[in-house]
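Just so we're on the same page, my numbering is the position in the sequence shown counted from 1, plus 109.
The structure appears below as structure tokens.
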Amino acid sequence: MNQRILVVGAGIVGVAIADRLQASGCSVTIFEADLPGGGATAAAMGHLVVLDDSPMQMAFTARGVALWRQENLPKGCEREVCGTLWVAADEEEVEEARRKAERYSGLGLACEVLTAGQLWEAEPALRPGLAGGLRVAGDQVLYPMGAARFLLKRALERGATLCREKVQALVPGGVRTEPGLVQADAVILAAGLGTTTLLPELPIQPRKGHLAITGRVPGLVHHQLVELGYLKSAHGRATTSVAFNVQPRATGQLLIGSSREFAGLDGSPNRELLGRMLRKAVSFLPTLERVPVLRVWTGFRPCGPGNLPVIGPWPGRPGLFVAAGHEGLGITTALVTAELMAHHLLGTPAFLDPASFLPEPAHG
Ligand SMILES: Cc1cc2nc3c(=O)[nH]c(=O)nc-3n(C[C@H](O)[C@H](O)[C@H](O)COP(=O)(O)OP(=O)(O)OC[C@H]3O[C@@H](n4cnc5c(N)ncnc54)[C@H](O)[C@@H]3O)c2cc1C
Numbered sequence: 110m111n112q113r114i115l116v117v118g119a120g121i122v123g124v125a126i127a128d129r130l131q132a133s134g135c136s137v138t139i140f141e142a143d144l145p146g147g148g149a150t151a152a153a154m155g156h157l158v159v160l161d162d163s164p165m166q167m168a169f170t171a172r173g174v175a176l177w178r179q180e181n182l183p184k185g186c187e188r189e190v191c192g193t194l195w196v197a198a199d200e201e202e203v204e205e206a207r208r209k210a211e212r213y214s215g216l217g218l219a220c221e222v223l224t225a226g227q228l229w230e231a232e233p234a235l236r237p238g239l240a241g242g243l244r245v246a247g248d249q250v251l252y253p254m255g256a257a258r259f260l261l262k263r264a265l266e267r268g269a270t271l272c273r274e275k276v277q278a279l280v281p282g283g284v285r286t287e288p289g290l291v292q293a294d295a296v297i298l299a300a301g302l303g304t305t306t307l308l309p310e311l312p313i314q315p316r317k318g319h320l321a322i323t324g325r326v327p328g329l330v331h332h333q334l335v336e337l338g339y340l341k342s343a344h345g346r347a348t349t350s351v352a353f354n355v356q357p358r359a360t361g362q363l364l365i366g367s368s369r370e371f372a373g374l375d376g377s378p379n380r381e382l383l384g385r386m387l388r389k390a391v392s393f394l395p396t397l398e399r400v401p402v403l404r405v406w407t408g409f410r411p412c413g414p415g416n417l418p419v420i421g422p423w424p425g426r427p428g429l430f431v432a433a434g435h436e437g438l439g440i441t442t443a444l445v446t447a448e449l450m451a452h453h454l455l456g457t458p459a460f461l462d463p464a465s466f467l468p469e470p471a472h473g
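If you want it as structure tokens, here you go:
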């Protein structure tokens with residue numbers, strides 16, 4: 110059946126869903142209040158990474174990375190399969206690298222534990238004295254805005270429509286915009302931080318992050334470098350944290366992250382936190398001290414109530430579906446989110462247990 114679908118939000122999640130559903134024969138209209146891809150997507154680092162906080166998060170991110178790998182992305186997406194190198198500062202972190210390696214291998218992902226010497230050979234710019242690391246070969250990086258533009262363009266070429274209108278409210282069987290009501294078979298709410306305004310029952314909090322980009326230093330760094338200590342800092346939801354997280358860009362620049370804080374919607378740089386983040390990066394990569402930082406920006410990760418995003422039908426509102434709350438993994442998991450949404454709407458295979466992503470009230 111040719112279903113009429115309305116997607117609210119043209120961030121990476123919304124455009125991935127629109128593209129997937131349009132390719133499957135639906136008639137999709139995307140509503141975007143601002144610049145397509147201009148929300149959290151534009152602020153992101155574009156690290157496509159398998160994380161292993163929980164078995165489901167690992168399966169979700171691994172499927173996300175695998176689906177990106179299948180995409181033949183144009184040059185503008187700046188995709189590099191550089192892998193992630195998790196850096197272990199001490200023996201305790203080497204132990205964690207070994208445990209992670211078991212989990213990654215268990216899922217069939219290529220990875221290797223590195224000794225201190227192998228770490229130095231792989232990344233000679235790292236400071237001496239580090240204890241080792243873990244290389245996960247299949248992780249990738251890309252330019253998030255380029256990827257969002259690519260998916261949107263493909264969706265439009267397949268026949269989807271982009272409507273540059275703000276959705277003012279969800280109504281039974283459709284949405285209300287300034288020009289009037291639009292009806293459809295299903296509405297998919299993929300509005301990032303805008304989700305809560307339209308559906309107050311789903312609280313999505315802004316989790317602020319800083320990134321900095323340097324001048325060109327081609328060849329200084331070869332992998333996405335992340336400290337294993339990142340796992341400790343990124344886990345806590347209430348705390349403010351910084352972690353060493355550096356990405357080599359196709360331009361030869363380095364993207365330096367990252368920080369996490371709950372600070373409302375104030376996008377101005379937090380100088381103290383930014384200073385800590387940059388000092389941390391220099392502590393791992395001493396050469397950075399002599400590399401100019403060209404620009405710094407902040408963005409807001411859409412942080413939902415659970416550890417996984419909410420993907421699926423909203424209980425008690427027939428025809429309403431939600432895809433929101435991807436926090437720091439929305440670029441990685443955009444395509445797998447679209448796959449799960451297609452499962453709910455069209456009955457296509459999900460590859461993961463869709464129940465894990467259902468809004469809380471829908472469980473059981
Ligand atoms: C500093 C930082 C670093 C990050 N690094 C990574 C990373 O390395 N890897 C990774 O996987 N993820 C990363 N992320 C997370 C990632 O950016 C997000 O999870 C992802 O972009 C969320 O996409 P989205 O489409 O849900 O939201 P958004 O990109 O915010 O899109 C939502 C869209 O909805 C529109 N909208 C809102 N309300 C309405 C309305 N009423 N009507 C019409 N349109 C509306 C908005 O204008 C916006 O364009 C990072 C995020 C930050 C902030």
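Heads up, the beta-carbon is just placed ideally off N, CA and C, and yes, glycines get one too.
Note that the structure is a prediction, hence the values are computed from the model and not measured.
To the nearest whole angstrom, what separates the beta carbons of residue i and residue j, a pair I think is in contact under 8 Å?
| i | j | result |
| --- | --- | --- |
| V355 | A264 | Incorrect: roughly 33 Å between the Cβ atoms, too far for contact. |
| V419 | A299 | Not confirmed; about 11 Å, so no contact. |
| L403 | I322 | 6 Å |
| N379 | A372 | 7 Å |
| G173 | L157 | 7 Å |
| R236 | F353 | Between F353 and R236 the Cβ distance is about 10 Å, and since that is not below 8 Å, they are no contact. |
| T286 | Q277 | 6 Å |
| P145 | A119 | 4 Å |
Are the beta-carbon atoms belonging to residue i and residue j less than 8 Å from one another?
| i | j | result |
| --- | --- | --- |
| G408 | G318 | yes |
| V330 | M386 | no |
| A459 | E448 | yes |
| T441 | T170 | yes |
| A198 | E398 | no |
| R477 | R316 | Look at the range of the chain in this structure, 110 to 473, and you will see that residue 477 is not part of it. |
| R267 | A152 | no |
| V291 | G303 | no |
| M167 | L364 | no |
| G301 | A149 | yes |
| V431 | L311 | yes |
| G415 | A433 | no |
Tell me which residues share the same chain as residue i and place their Cβ nearer than 7 Å to its Cβ, disregarding the 5 neighbours each side in the sequence.
| i | result |
| --- | --- |
| C220 | A210, Y213, S214, L243, R244, V245 and A246 |
| A240 | A197, A198, D199, E200, E202, V203 and A225 |
| E232 | L194, V330, H331, H332 and L334 |
For residue i, which residues of its own chain have a beta-carbon under 8 Å away from its beta-carbon, when the five flanking residues on both sides are left out?
| i | result |
| --- | --- |
| F259 | L182, P183, G185 and C186 |
| H452 | P458, A459 and P463 |
| P401 | T323 and G324 |
Whose C-beta lies closer than 6 Å to the C-beta of residue i among residues of the same chain, with five residues either side of it excluded?
| i | result |
| --- | --- |
| L467 | G421 |
| K275 | A142 |
| R395 | It should be noted that the sequence gives Pro, not Arg, for residue 395. Excluding residues within five positions, the ones whose Cβ falls inside 6 Å are R236. |
| A347 | Residue placement at A347 cannot be trusted, given a pLDDT of 49 that sits under 50; what the coordinates show is reported in the next sentence. Excluding positions up to five away in sequence, the list is empty. |
Helix, strand or coil for residue i per DSSP?
| i | result |
| --- | --- |
| V117 | strand |
| L298 | strand |
| A347 | Interpretation of A347 is limited by its pLDDT of 49, a score under 50 that renders its predicted location unreliable; the figure taken from the coordinates is listed afterwards. DSSP places A347 in coil when its eight states are reduced to three. |
| G318 | strand |
| P309 | coil |
| C186 | helix |
| T138 | strand |
Would you say residue i faces chain B, with C-beta separation under 8 Å as the test?
| i | result |
| --- | --- |
| R404 | The structure shown contains no chain B; it is built from a single protein chain. |
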